[in-house]
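Worksheet: one structure, shown below.
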Amino acid sequence: MEYGQNISVKHADLYYGDFHALKDISLEIPSKLITAFIGPSGCGKSTLLKCFNRMNDLVEGCKITGEFKIGDIDIYQSADVNALRKNVGMVFQKPNPFPMSVYDNIAYGPRTFGIKKRSELDEIVERSLKQAAMWDELKDRLGKSALGLSGGQQQRLCIARSLAINPKILLMDEPTSALDPISTGKIEELCNELKHDMTIVIVTHNMQQATRISDKTGFFLLGDLIEFGDTDQIFSSPKEEQTERYITGRFG
Amino acid sequence: MNRSRAKEKAGKAVFAGTAAICIIAVVVIFAFILIRSIPTISKIGFFDFLFGSTWAPDRNDVFTEALAGQYGVLTMIVGTLFATVGALAVGGILGYFTAVYLAFFCKGKIKKVFNTVVNLLAGIPSVIYGFFGIKALMPLFGWMSPNGNASGLFLVSLVLGIMIMPTVVALSKTSLEAVPRSYYEGALALGATHEQAVFKTMVPAAKSGITASLILGIGRALGETMAVVMLAGNATEIPTGLFQSFRTLTANIVLEMGYAGEVQMGALFATGLVLLIFIAIINFLMGLVRSDKNSDKAKIKKEWLGALKNKINFSKVGKVVSWIAAIFGGLFLVAIIVYILIMGLPHISWNLLFGEFELGSDSVTIFPSIVATFMTVVVSLIIAIPLGVAAAIFLNEYTKKGNKLITMVRSAVDILSGVPSIVYGLFGAATFVLLFGGSSSILAGSLTISIMLLPTVIRSTEESLKSVPDAFREGSLALGAGKLRTIFKVVLPSAMPGIISAVILSIGRVVSESAPFMYTMGTSLGAMPTGYLSSSTTLAVALYALSRENFHTNEAYATACVLIIIVLALNLLAEFVGKKLQKKLSGDSSNGIRTKHKRKAR
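Quick mapping for you: the protein sequence lines, in order, are chains A and G. Mind the numbering: the first sequence is residues 489 to 740 in the numbering used here, read in order. Mind the numbering: the second sequence is residues 56 to 657 in the numbering used here, read in order.
Below you can see the structure in the form of structure tokens.
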């Protein structure tokens with residue numbers, strides 16, 4: 489069965505031990521759009537994001553109930569986590585390139601899934617870097633350690649690394665919070681390009697960023713999804729008072 | 056896709072299995088020592104054995120007949136305790152003040168130099184300490200002794216003290232440096248001087264760590280064998296003076312195992328059992344200190360405020376004492392190295408290093424020992440490194456809170472690292488030697504040392520696995536890679552320098568140890584080994600053999616010289632590689648530019 493590009497969550501609850509981190513969340517994330525999750529720290533937005541590729545499995549004492557579907561596949565029922573993560577890529581808050589060359593970083597995913605031929609890998613590396621608008625910067629430095637790149641470059645390299653295995657959905661967990669404004673701009677531009685091919689879900693602390701790039705926005709507070717809708721609507725005429733107070737900066 | 060899941064499961068099972076080997080090793084070692092001890096103790100009589108003050112074994116004693124000899128180990132228990140107390144007095148004080156000095160009174164290059172000095176002191180083989188004691192210290196202190204022979208409690212305490220000092224320094228320093236800086240700043244803000252802040256605030260705050268380091272030092276002193284055998288004089292009497300000959304439990308095993316009769320052999324195993332009980336007590340104390348840590352921290356705040364008020368001159372003298380202690384350790388190291396190089400280098404000859412062994416000839420060659428050492432290194436690494444690395448992977452990458460297997464493996468590793476090397480020797484003699492037809496062999500020796508290496512390899516691999524950031528693991532998993540692939544392609548390569556330094560440290564350990572080899576591999580310098588079932592001596596054992604006879608003093612010096620050069624080189628190499636790990640993981644750009652892209656032929 490193929491993974492689709494939309495995400496559907498029904499009555500999801502998540503506990504870290506005794507702590508109720510997500511409370512009865514239901515939402516529909518449409519395909520090939522950018523959806524932003526906003527809310528104060530500890531509201532559960534990153535936690536929800538990590539449910540979509542089951543990274544929460546790594547957290548000890550984490551219990552998840554409810555239904556998470558990507559396309560038609562219920563991801564907590566199907567056993568193959570690795571195939572899920574191949575289709576749902578993730579970019580982390582802090583850039584985390586492996587201590588290898590630029591080339592090996594990008595080829596890591598394809599090699600994981602059995603591609604060994606040099607010519608094929610070359611092609612994938614070039615395509616991914618072009619897609620991430622980094623080819624011109626990096627084509628002469630493919631053999632150099634990824635750790636020598638600047639923070640912004642490292643983060644875009646991590647995006648390119650995710651792209652190399654053709655994900656249908658890309659999850660981004662505050663991808664620009666550790667970056668300067670220019671690098672942030674580049675990544676936002678990149679998101680706008682990528683949404684022609686894939687669904688993007690981005691967690692952000694930056695309200696302007698949400699308005700600039702997202703089509704849909706979800707506002708979270710203390711584990712509840714307070715409001716979910718079109719970004720324009722959320723920011724211009726929020727239905728809930730809590731949303732309004734947050735986006736106008738009165739708390740959070 | 057089921058195949059990949061099966062692979063993951065198989066991988067986990069293999070890692071868990073290797074980790075379980077540590078538990079099995081502990082059980083088997085204790086079982087073997089117990090099996091050999093209990094019949095002997097019951098034959099001799101529990102009280103006669105433990106509290107008998109006469110040790111006069113008879114070679115011909117057998118289990119089926121009445122005993123002609125006497126087998127009381129009281130004098131050796133007392134001797135061991137005296138030696139341990141003496142070593143603690145010297146090494147504890149030196150180590151404590153050196154740790155304070157390194158943590159608070161020295162900076163920059165001097166600190167680096169002293170850290171290296173402490174590491175090297177830890178790396179020098181105990182036969183070298185013993186040899187240095189015999190050749191340099193005995194003549195030096197002869198005038199102090201009533202009979203002109205300086206061997207005895209004084210010299211043992213001094214040398215053992217220096218030997219346990221690095222252990223004390225390492226752990227004390229770590230806990231001193233872990234004290235929050237805010238305590239120090241708080242003390243200064245109340246008007247304390249640097250010295251007062253250090254001795255009244257920082258040191259009390261690290262009390263439990265320092266106590267733990269002293270206990271660890273005691274463990275080391277209890278189990279030390281070769282240096283003690285060479286310096287104690289070994290009479291089975293309770294020492295009444297600092298220069299009287301006495302014997303420890305470990306020495307008893309080494310001295311008599313070579314020619315022991317049936318009951319006598321059993322009594323030696325029972326001696327090993329007594330040693331193990333001592334070690335168990337030490338481990339128990341260690342556990343108490345560790346669990347006490349939290350209550351300690353609560354007390355600290357009260358303590359440092361209160362302590363500031365009563366100013367004793369200690370904080371003024373303390374700095375000077377710390378300085379002297381560190382210098383003393385450094386000087387001792389320099390003295391050993393310089394002395395052995397000066398005495399040994401001129402006698403290193405082609406014939407000594409690479410000559411041919413001739414039966415009955417007077418010319419000594421250590422070539423067979425060099426080959427045997429090399430053979431031992433190869434086999435023990437082939438066994439210990441994969442097992443140790445796999446066990447460390449299990450401990451670090453598959454940890455789930457409260458997993459019983461992991462708790463058990465951890466305590467097994469703790470116990471293995473505390474077991475005295477001579478007990479490993481006993482165990483090897485009782486198992487591997489018998490397994491290979493009853494005669495000692497390089498293979499039996501290698502297997503014995505392999506078990507001994509496990510805790511070292513596991514711990515140092517685990518440290519380097521811990522230093523690999525979780526972000527690497529998450530990144531790999533998020534790309535759809537399985538756990539095994541993540542471990543082998545991302546985690547292990549990042550931890551490689553740490554693993555390589557574990558390899559180097561292991562080589563150093565094999566080269567320096569002698570007690571576990573003597574009765575598993577052989578003690579007499581002989582012909583070139585023809586295979587792994589040949590009996591032979593490693594370099595360290597060869598030095599012990601040479602230093603026991605007075606005919607080949609020059610060759611002994613030269614052998615010591617070769618040994619110390621190898622060990623120093625290995626230690627410096629390990630330190631260098633260790634630094635590489637940090638550079639690699641911090642990812643400075645200069646490193647990145649130098650790395651060339653390698654084409655992978657896969």
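We treat Cβ as the ideally placed atom computed from N, Cα and C, and that holds for glycine.
Please name the residue or residues paired with residue i in a DSSP beta bridge.
i                : result
Asp712 (chain A) : A:Leu709
Phe101 (chain G) : According to DSSP, Phe101 (chain G) bridges with nothing at all.
His508 (chain A) : A:Tyr503
Lys498 (chain A) : A:Glu555
Leu659 (chain A) : A:Met578 and A:Val689
Asp718 (chain A) : A:Lys704
Ala611 (chain G) : Partner(s): none; Ala611 (chain G) has no beta bridge.
Gly288 (chain G) : G:Phe301
Ser589 (chain A) : A:Ser633
Using the beta-carbon count (16 or more within 10 Å), is residue i buried or exposed?
i                : result
Pro518 (chain A) : exposed
Tyr574 (chain G) : buried
Trp110 (chain G) : buried
Thr295 (chain G) : exposed
Asn680 (chain A) : exposed
His607 (chain G) : buried
Ala306 (chain G) : buried
Val168 (chain G) : exposed
Ala582 (chain G) : exposed
Phe298 (chain G) : buried
Gln493 (chain A) : buried
Ala620 (chain A) : buried
Can you list, in chain order, the residues of its chain whose CB lies under 8 Å from that of residue i, leaving out five sequence neighbours each side?
i                : result
Ser650 (chain A) : Gly577, Met578, Val579, Gly597 and Leu658
Asn406 (chain G) : Ser418 and Thr420
Gly316 (chain G) : Pro112, Asp113, Arg114, Asn115, Asp116 and Val117
DSSP on residue i, reduced to helix/strand/coil?
i                : result
Cys77 (chain G)  : helix
Lys366 (chain G) : Residue placement at Lys366 (chain G) is flagged as unreliable, the pLDDT there being 49, under the threshold of 50; the coordinate-derived value follows with that caveat. Residue state, collapsed to three classes: coil.
Gly342 (chain G) : helix
Ile179 (chain G) : coil
Lys658 (chain G) : Lying before the first or after the last residue shown, residue 658 (chain G) is absent from chain G, which here runs from 56 to 657.
Met463 (chain G) : helix
Tyr126 (chain G) : strand
Met578 (chain A) : strand
Phe412 (chain G) : coil
Ile513 (chain A) : strand
Ile562 (chain G) : helix
Asp562 (chain A) : strand
Ser206 (chain G) : coil
Ala499 (chain G) : helix
Ser92 (chain G)  : helix
Ala111 (chain G) : strand
Gly316 (chain G) : coil
Arg58 (chain G)  : helix
Where do the ends of the alpha helix (DSSP H) carrying residue i lie?
i                : result
Gly554 (chain A) : Where Gly554 (chain A) is concerned, there is no enclosing alpha helix (DSSP H), although the beta strand (DSSP E) it sits in stretches over Cys550 to Ile558.
Ile440 (chain G) : Phe422 to Glu452
Ile653 (chain A) : Where Ile653 (chain A) is concerned, there is no enclosing alpha helix (DSSP H), given that its DSSP letter is neither H nor E.
Tyr156 (chain G) : Looking at the DSSP string, Tyr156 (chain G) is not in any alpha helix (DSSP H), and its letter there is neither H nor E.
Val309 (chain G) : Leu304 to Glu311
Val545 (chain G) : That residue, Val545 (chain G), is in no alpha helix (DSSP H); it is neither H nor E in DSSP.
Gly483 (chain G) : Ser476 to Ala485
Pro669 (chain A) : Pro669 to Leu682
Gln493 (chain A) : Gln493 (chain A) -> no alpha helix (DSSP H), and no H or E assigned at all.
Who are the Cβ neighbours of residue i in its own chain at under 7 Å, not counting the five residues just before and after it?
i                : result
Thr431 (chain G) : Ile497, Gly500, Ser501, Ile504, Val565 and Thr593
Asn451 (chain G) : Glu517, Leu520 and Lys521
Trp698 (chain A) : Strictly speaking, residue 698 (chain A) in this sequence is Ala, with Trp absent from that position. Correct list, in chain order: Ala524, Ile526, Thr692, Thr705 and Thr719.
Val590 (chain A) : Leu626, Arg629, Leu630, Lys632, Ala634 and Leu645
For residue i, which residues of its own chain have a beta-carbon under 6 Å away from its beta-carbon, when the five flanking residues on both sides are left out?
i                : result
Tyr394 (chain G) : Ala191
Ile612 (chain A) : Pro598 and Ala652
Ala629 (chain G) : Ser556, Ile559 and Leu560
Just reading off the beta strand (DSSP E) that residue i is part of, what are its end residues?
i                : result
Thr687 (chain A) : Thr687 to Val691
Phe525 (chain A) : Ile522 to Ile526
Got a sec: does the ligand GTP put a non-hydrogen atom nearer than 7 Å to the Cβ of residue i?
i                : result
Pro180 (chain G) : In the structure on display, the ligand GTP does not appear, and there are no ligands present to speak of.
Are any of the Cβ atoms in chain B nearer than 8 Å to that of residue i?
i                : result
Lys455 (chain G) : Of the protein chains in this structure, namely A and G, none is chain B.
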